[in-house]
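What follows is the structure, encoded as structure tokens:
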């Protein structure tokens, strides 16, 4: 049974901060180094100083980016830059965004506290593997700030949209926060502190399983922190704030839920030979080449992306570009029987239909000889969300080749989570991300009645 609770969020004071877009950021794990500096320069009170602070010369155990984050949080609250709500609330949140095809979509959800549960309970389920490095970083930040600076993004299945109907009946007309970010995504936040609505929402969520979409590292960190705190406090009663974590919850049956692909950039391959690669690939894949010249390259690239998406509706298909080539390639798996071949032996059956696993087993491991360990440490493979940008990086000799992917489907995420198996890292890219700094949750004290 998932336990939901309202909370007194800490938010930017709009009397002092009229433009909230200046102080929030995307989640820490999608911010590149140069973007970190951009957010530092954008505003002196930008959440980047808390969520992804800089390492400075002379840092030590007593003074580092984590202690600075705690100091900023304390000072900003003392100066009323950040203020805590008087009433416990659930925060209804909408993101209106545009995809590449200029299609405007809206994803609905809400931000609330969810009681931390071990994955073995089946109440909250992961879908991706995690690494130890990010968890150690997030634990230090949590221990220093005693706060959740961004929500974990989770999904639930509610085909009848019961929770949406509960909220929409009593939703205030005007949002409390309303702004556009750099990508022209509109963010709107409403406060719900009507006890009757909150009670109905908490009742409805009890019946559902929650699936983590983004924030696996932060969830596991929060869970480990709560276990550690309970061991220290033998008289705990379960209502302590550290037993909960801030989540953004959205309905996986909502038409506004979007998963984008994450493409694979390959580098550090010794003696890579494209002709030999294609010869080996033809054992498993039909290979088609989209030849271009200087004047029609972008048009041909567009054709490749269109065909990749179209073919991906019914087949396992990858796009590909190799440095210095005058063509793009489309690799389509010859038949579904290959999913049960020896190449896929190490992969659990429910995950064999994932394009990311097919690429890894047949091509990255099998043909290119990239080990699973090299994948984890990113010695040979990097990831990028923008396919056009990835191709340009290959052209600039930053990488040797790129594999262009179709997105993982929501149904596949659900199936993997329900089967209690985890997908490889970077299997999904839910878009857009809920930002850091929109609402902050203190993990000190107890959950309000």
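In the numbering used here, the protein residues as written are 406 to 854. All C-beta atoms in this analysis are idealised placements derived from N, C-alpha and C, irrespective of residue type, glycine included.
Drop a sphere of 10 angstroms on the beta-carbon of residue 847, count the other beta-carbons inside from all chains shown, and report buried for 16 or more, exposed for fewer. In the chain shown, residue 847 corresponds to position 442, counting from 1. By the neighbour-count definition (other C-beta atoms within 10 Å, threshold 16), residue 847 is a buried residue.
Among 552, 529, 826, 410, which has the Cα closest to the Cα of residue 842? The count along the chain shown starts at 1 and reaches residue 842 at position 437. Restricting attention to 552, 529, 826, 410, the CA atom closest to the CA of residue 842 is found in 552.
Return the chain-ordered list of same chain residues with a C-beta closer than 7 Å to the C-beta of residue 692, the five sequence neighbours on each side being excluded. Locating residue 692 in the chain shown gives position 287, where the first residue counts as 1. Cβ-Cβ distances below 7 Å link residue 692 to 683, 686, 734, 736 in the same chain, with the five nearest sequence neighbours on each side left out; the list follows chain order.
How big is the Cα-Cα spacing for residue 540 and residue 521? Counting from 1 along the chain shown, the entry for residue 540 is found at position 135. Counting from 1 along the chain shown, the entry for residue 521 is found at position 116. A straight-line Cα-Cα distance of about 16 Å links residue 540 and residue 521.
What whole-angstrom Cβ distance do residue 928 and residue 717 have, given they're in contact under 8 Å? One cannot answer for residue 928 here, as it falls past the ends of the chain, which runs 406 to 854.
Considering only residues of the same chain and omitting the five flanking positions on each side of residue 710, which have a CB-CB separation below 8 Å? Locating residue 710 in the chain shown gives position 305, where the first residue counts as 1. Excluding positions up to five away in sequence, the list reads 724, 792, 809.
Quick check on the burial criterion: 16 or more other C-beta atoms within 10 angstroms. Buried or exposed for residue 651? What you label residue 651 is simply residue 246 of the chain shown in a count that begins at 1. Counting Cβ neighbours within 10 Å, residue 651 comes out buried, since at least 16 surround it.
In the DSSP output, which residue or residues are listed as bridge partners for residue 595? For the purposes of this step, residue 595 is identified with residue 190 of the chain shown, where counting begins at 1. Paired residue(s): 497.
Could you tell me the alpha carbon to alpha carbon distance between residue 757 and residue 460, rounded to whole angstroms? On the chain shown, position 352 is the one that residue 757 refers to. On the chain shown, position 55 is the one that residue 460 refers to. Approximately 41 Å between the Cα atoms of the pair.
Looking at the structure shown, is residue 710 part of a helix, part of a strand, or coil, going by DSSP? For the purposes of this step, residue 710 is taken as the residue at position 305 of the chain shown. DSSP places residue 710 in the helix class (H, G or I) of the three-state scheme.
When DSSP builds the beta bridges, which residues end up paired with residue 645? Here residue 645 refers to the residue found at position 240 when the chain shown is read from its first residue. In the DSSP output, where bridge partners are listed per residue, residue 645 has 851.
Does the distance from the CB of residue 596 to the CB of residue 584 come in under 8 Å? To locate residue 596, count along the chain shown from 1; it is residue 191. To locate residue 584, count along the chain shown from 1; it is residue 179. No, these two residues do not count as a Cβ contact at 8 Å.
Comparing alpha-carbon positions, which option in 503, 807, 590, 568 lies nearest residue 613? As a first step, residue 613 is located in the chain shown; it is residue number 208 there, counting from the start. Per the C-alpha coordinates, the member of 503, 807, 590, 568 positioned closest to residue 613 is 568.
I need the boundaries of the beta strand (DSSP E) containing residue 693, first residue and last residue. Position 288 of the chain shown, counting from 1, holds the residue named residue 693. Residues 690 to 696.
Is residue 450 close to the ligand SAH? I mean its beta-carbon at under 7 Å from any heavy atom of the ligand. With respect to the ligand SAH, the structure shown offers nothing to examine, as it has no ligands at all.
Is residue 653 closer than 8 Å to residue 516 when the C-beta atoms are compared? Within the chain shown, the letter at position 111 stands for residue 516. Within the chain shown, the letter at position 248 stands for residue 653. For residue 516 and residue 653, yes; Cβs fall inside 8 Å.
Is DSSP giving residue 672 helix, strand or coil here? On the chain shown, residue 672 is found 267 positions in, with the first residue counted as 1. Here residue 672 sits in coil by DSSP.
Express the C-alpha separation of residue 437 and residue 422 in angstroms, rounding to a whole number. Taking the chain shown and counting its residues from 1, one reaches residue 422 at position 17. Taking the chain shown and counting its residues from 1, one reaches residue 437 at position 32. Roughly 25 Å between the two C-alpha positions.
Indicate the three-state DSSP secondary structure (helix, strand or coil) for residue 607 in the structure shown. Against the chain shown, residue 607 aligns to sequence position 202. The answer is helix: DSSP assigns residue 607 an H, G or I state.
Taking one C-beta from the segment 406 to 421 and one from the segment 478 to 497 each time, how about it: are there three or more such pairs within less than 8 Å? Contact holds: three or more Cβ-Cβ distances are below 8 Å.
For the 8 Å Cβ check, are there 3 or more pairs between the segment 769 to 784 and the segment 654 to 667? No, the segment 769 to 784 does not touch the segment 654 to 667.
Can residue 827 and residue 592 be called in contact, C-beta distance under 8 Å? What you label residue 827 is simply residue 422 of the chain shown in a count that begins at 1. What you label residue 592 is simply residue 187 of the chain shown in a count that begins at 1. No.
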